[in-house]
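4 protein chains.
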Amino acid sequence: MDKPSIGAPRTEADLIALAARVQANAYAKYSDYPVGAALEDDRGRVFLGVNVENISFGGTLCAERSALAAMITAGSRQWHRIAVVTRDGNTPCGICRQLLAEFAAPDAVVFCTNGEGKSQTYRFWDLLPHAFDAEL
Amino acid sequence: MDKPSIGAPRTEADLIALAARVQANAYAKYSDYPVGAALEDDRGRVFLGVNVENISFGGTLCAERSALAAMITAGSRQWHRIAVVTRDGNTPCGICRQLLAEFAAPDAVVFCTNGEGKSQTYRFWDLLPHAFDAEL
Amino acid sequence: MDKPSIGAPRTEADLIALAARVQANAYAKYSDYPVGAALEDDRGRVFLGVNVENISFGGTLCAERSALAAMITAGSRQWHRIAVVTRDGNTPCGICRQLLAEFAAPDAVVFCTNGEGKSQTYRFWDLLPHAFDAEL
Amino acid sequence: MDKPSIGAPRTEADLIALAARVQANAYAKYSDYPVGAALEDDRGRVFLGVNVENISFGGTLCAERSALAAMITAGSRQWHRIAVVTRDGNTPCGICRQLLAEFAAPDAVVFCTNGEGKSQTYRFWDLLPHAFDAEL
Numbered sequence: 014m015d016k017p018s019i020g021a022p023r024t025e026a027d028l029i030a031l032a033a034r035v036q037a038n039a040y041a042k043y044s045d046y047p048v049g050a051a052l053e054d055d056r057g058r059v060f061l062g063v064n065v066e067n068i069s070f071g072g073t074l075c076a077e078r079s080a081l082a083a084m085i086t087a088g089s090r091q092w093h094r095i096a097v098v099t100r101d102g103n104t105p106c107g108i109c110r111q112l113l114a115e116f117a118a119p120d121a122v123v124f125c126t127n128g129e130g131k132s133q134t135y136r137f138w139d140l141l142p143h144a145f146d147a148e149l
Numbered sequence: 014m015d016k017p018s019i020g021a022p023r024t025e026a027d028l029i030a031l032a033a034r035v036q037a038n039a040y041a042k043y044s045d046y047p048v049g050a051a052l053e054d055d056r057g058r059v060f061l062g063v064n065v066e067n068i069s070f071g072g073t074l075c076a077e078r079s080a081l082a083a084m085i086t087a088g089s090r091q092w093h094r095i096a097v098v099t100r101d102g103n104t105p106c107g108i109c110r111q112l113l114a115e116f117a118a119p120d121a122v123v124f125c126t127n128g129e130g131k132s133q134t135y136r137f138w139d140l141l142p143h144a145f146d147a148e149l
Numbered sequence: 014m015d016k017p018s019i020g021a022p023r024t025e026a027d028l029i030a031l032a033a034r035v036q037a038n039a040y041a042k043y044s045d046y047p048v049g050a051a052l053e054d055d056r057g058r059v060f061l062g063v064n065v066e067n068i069s070f071g072g073t074l075c076a077e078r079s080a081l082a083a084m085i086t087a088g089s090r091q092w093h094r095i096a097v098v099t100r101d102g103n104t105p106c107g108i109c110r111q112l113l114a115e116f117a118a119p120d121a122v123v124f125c126t127n128g129e130g131k132s133q134t135y136r137f138w139d140l141l142p143h144a145f146d147a148e149l
Numbered sequence: 014m015d016k017p018s019i020g021a022p023r024t025e026a027d028l029i030a031l032a033a034r035v036q037a038n039a040y041a042k043y044s045d046y047p048v049g050a051a052l053e054d055d056r057g058r059v060f061l062g063v064n065v066e067n068i069s070f071g072g073t074l075c076a077e078r079s080a081l082a083a084m085i086t087a088g089s090r091q092w093h094r095i096a097v098v099t100r101d102g103n104t105p106c107g108i109c110r111q112l113l114a115e116f117a118a119p120d121a122v123v124f125c126t127n128g129e130g131k132s133q134t135y136r137f138w139d140l141l142p143h144a145f146d147a148e149l
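Residue numbers (our numbering), protein chains in the order written: chain Z, 14 to 149; chain A, 14 to 149; chain C, 14 to 149; chain P, 14 to 149.
Right, dumping it as structure tokens:
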């Protein structure tokens, strides 16, 4: 889902608002923990994602990975900012950090918020120090 | 990525063409096996996906799951048809079958094609017989 | 965990008993659905596994995959029989079918049981028809 | 696979030696990047693991997760040390960090080595700062 940037540069609040809106579509049947994510690529395009749970829990996709899949599907290959909205303002899990790392700009940032004022900003690479980087 | 249905009903060939087009965006750095998928929901909307590989192979998302994530993010909860384009016309893996099952219509069908004439149609539930269905 | 075959050939009931015993070790904190699995390789060795859940649901490992990891770690590369014990006698999920397929004998069988008399036997390849088999 | 502690306390070198030995059993058909892991629980028991790759790359299990599955299957619930042997001394991926976090002692450490002298020690929680910890 691609929301082209229009007019003034998108603010952190804009990105959070997009994530908060899509959070309503989360499929969180088993955890009751809906998550929305808005991922902005290096051209200012935004891709949205929600968690997609599965009766076999290991099949669950987090919102961050859903948004990333949308970005790659659209042909983008680098992201700069992501907003993640949960009920408690939690951070991306390690699985999502691993997937986001494949396409993260050196200065990528992560906004984690509960959508109601509590917000924390992280530099992405601070969340995955000493990342796995084998030459395969 | 949401392509609203316009005019005449979408044919199998239409769906395959959409999947073939997006296949070019696949991120298949490690397998060199690009995949494109086009998933149609019960309202005739189509969602696209490609495989998103990762240096930690276990983080890889297949095209089918990418498309499914887009569908859920858009608020849809049931799909009827999916087209999957690969170089050899292969079927969805068991992981994707598991995720697709959570949202598959009873008569859902899967079109597998190499994009060059070789095509096979499966009833989805024939691909995942005796599906896991615990009451959690 | 390697239980060498001793004396008379192991019966289906033996394999189920081993799976039922290890089920008590399952870490099913989020689903409250403990699973135990006993996987027998082509040399008659048995490997045990339980589900390992994670607060990020997508990180969850099923019992079948845990047992498979033990088998591969021990150097085995083919299995013939697996017993899976759950409270309702359910089948392996699609994810596990995908992983088991990589190492399944042509005549591999799956015993699914609730550990209290209800049991069903499947030929493994009937559970994953038209399996994904690209040449990578 | 459970190697009971015998005699003198196990050293870091002992743990690395165990990981290096099992590395030979890795199933790294698609990446040609074999990994061995040795995980020590809070009672001094060691569990081994290797990577288990899959033709559907997303089904791949890393060595660290294989070892963790063995630990949980044996009934243990906390680990203190893990040694990971690869050809380049790389760190665990984000997926493995996520799974290891569920059972990591506050002072858990990770030894990463190429098995030939190059070695690096990390405090586990330094590898997954601000870990996801929602109350589900």
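Glycine included, C-beta positions come from ideal geometry on N, C-alpha and C.
Own chain residues within Cβ distance below 6 Å of residue i, not counting five before or after
i, result
"L141(Z)", "R110 and A114"
"C125(P)", "V97, G102, T104 and Q133"
"Y135(A)", "V123"
"E25(C)", "F124"
"G3(A)", "Absent from the structure is residue 3(A), since the part of chain A shown begins at 14 and ends at 149."
"N38(C)", "V63"
DSSP-derived helix/strand/coil call for residue i
i, result
"K16(A)", "Summary for K16(A): the model assigns pLDDT 49, below 50, so the residue's position carries little reliability; its value from the coordinates is reported in the next sentence. Of the three classes helix, strand and coil, the one that applies to K16(A) here is strand, per DSSP."
"I68(C)", "coil"
"Q91(P)", "coil"
"T126(P)", "strand"
"F145(Z)", "coil"
"F137(C)", "helix"
"V63(P)", "strand"
"G57(P)", "coil"
"S79(P)", "helix"
"A39(A)", "coil"
"G102(A)", "coil"
"D120(C)", "strand"
Residue burial classification, residue i (beta-carbon count within 10 angstroms, cutoff 16)
i, result
"M14(A)", "Legend: pLDDT at M14(A) = 43, less than 50; position of this residue unreliable, no value from coordinates given."
"L149(Z)", "exposed"
"P119(C)", "exposed"
"R23(C)", "buried"
"I29(P)", "buried"
"G49(P)", "buried"
"G151(C)", "In the structure as shown, chain C begins at 14 and stops at 149. Residue 151(C) is therefore absent and cannot be evaluated."
"R90(Z)", "exposed"
"A117(C)", "buried"
Close-in-space but distant-in-sequence residues of the same chain around residue i (CB under 7 Å, 5 per side omitted)
i, result
"A144(P)", "A114"
"P17(A)", "Bear in mind that a pLDDT of 47 at P17(A), under 50, signals an unreliable position, so the number given afterwards is only what the model happens to contain. Cβ within range, chain order: R58."
"L74(C)", "N64 and V65"
Nearest neighbour of residue i, chosen from the options [CA to CA]
i, options, result
"I108(Z)", "W92(P), V122(P) and G71(P)", "G71(P)"
"R100(A)", "A41(A), A118(A), A83(A) and T73(A)", "A41(A)"
"E150(Z)", "C106(Z), A87(Z), R56(Z) and I68(Z)", "Nothing in the structure corresponds to residue 150(Z), since chain Z is present only between 14 and 149."
"G62(C)", "D139(P), Q36(P), A121(P) and A80(P)", "A80(P)"
"D55(P)", "A147(P), S44(P), I85(P) and D146(P)", "I85(P)"
"D35(Z)", "N67(Z), W92(Z) and A51(Z)", "Checking the sequence, you will find Val at residue 35(Z) rather than Asp. Selected option, being the one with the closest Cα: A51(Z)."
"Y43(C)", "N38(Z), E53(Z) and N67(Z)", "N67(Z)"
"F60(Z)", "D146(Z), T73(Z) and A82(Z)", "A82(Z)"
"A87(C)", "C75(C), E53(C), S69(C) and L74(C)", "E53(C)"
"D146(Z)", "S69(A), L31(A) and D27(A)", "S69(A)"
Per-residue contacts from residue i into chain C (C-beta, under 9 Å)
i, result
"N127(P)", "Within 9 Å Cβ-Cβ: nothing; N127(P) doesn't reach chain C, min ~20 Å."
Interface flag, residue i vs chain B, CB-CB below 7 Å
i, result
"C75(P)", "Any reference to chain B falls outside this structure, whose protein chains are Z, A, C and P."
Chain-ordered neighbours of residue i on chain P, where CB pairs are closer than 8 Å
i, result
"P142(Z)", "D139, L140 and P142"
"L112(C)", "V65, N67, G72 and L74"
"Y40(Z)", "Within chain P, no residue comes near Y40(Z); the closest Cβ sits about 15 Å away, beyond 8 Å."
Neighbour list for residue i in chain P, Cβ cutoff strictly below 7 Å
i, result
"Y135(A)", "Those do not exist, as Y135(A) stays about 17 Å from chain P at its closest Cβ, beyond 7 Å."
Listed by chain order, chain A residues near residue i by CB distance under 9 Å
i, result
"G102(P)", "The premise fails here: G102(P) is roughly 16 Å from chain A at the closest Cβ pair, so nothing lies under 9 Å."
Residue i: contacting residues in chain C (beta-carbon distance under 8 Å)
i, result
"G72(Z)", "G71, C106, G107 and I108"
Chain-ordered neighbours of residue i on chain Z, where CB pairs are closer than 7 Å
i, result
"E115(A)", "N67 and I68"
"S44(P)", "L149"
Partner residues on chain A for residue i, Cβ-Cβ distance less than 7 Å
i, result
"L28(Z)", "Correct list: empty, because the minimum Cβ distance to chain A is about 15 Å."
8 Å Cβ shell around residue i - same chain, five flanking residues per side excluded
i, result
"Y46(C)", "N64, T99 and R100"
"A121(A)", "W92, H93, R94, I95, L113, R136, F137 and W138"
Partner residues on chain Z for residue i, Cβ-Cβ distance less than 9 Å
i, result
"T99(A)", "Neighbours of T99(A) on chain Z: none; closest Cβ ~16 Å, over 9 Å."
Residue i: contacting residues in chain P (beta-carbon distance under 9 Å)
i, result
"D146(C)", "I68"
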